[in-house]
Amino acid sequence: MSAAPSPATCPLCGQTNACAVAAGLPPETCWCMQTRIPASVLERIPAAERGQRCVCPACGQTPPHPKAPR
-17 MSAAPSPATC PLCGQTNACA VAAGLPPETC WCMQTRIPAS VLERIPAAER GQRCVCPACG
43 QTPPHPKAPR
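The sequence shown begins at -17 in my numbering and counts up one residue at a time.
Rendered as C-alpha cells:
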C-alpha cells in the first residue's frame, strides 16, 4: 500500500501547492482566498482527491498549467 499524497502538493501537477492550511497557517492567509479558481479547474481534480488537497497557483489559472493532465 502506498503512502497518502502530501496535502502540500497539487493533485493535478504534483508540484507544491503553496497551501497555507497545509503549512499550518490560518486559511484566510492562503493564496486561494483571493483568487477565483474556475470550475473547469476544480472538475479536473480526481474525485478521490477533492477536498483533500489544494491545486497550486499555476494550475488554479486558466489556461491550465503545462504539467496538469488534460
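Cβ coordinates follow ideal geometry from the N, Cα and C atoms, glycine included.
Nothing here was measured: the structure is a model prediction, and the numbers come from that model.
| Check | Outcome |
| --- | --- |
| Could you have a look at residue -9 and say whether DSSP puts it in helix, strand or coil? | strand |
| Tell me whether residue -2 sits in a helix, a strand or coil according to DSSP, three-state version. | strand |
| Looking at the structure shown, is residue 3 part of a helix, part of a strand, or coil, going by DSSP? | coil |
| Consult DSSP for residue 14 and reduce its assignment to one of helix, strand or coil. | helix |
| Would you check if the distance between the CB atom of residue 4 and the CB atom of residue -11 is smaller than 8 Å? | yes |
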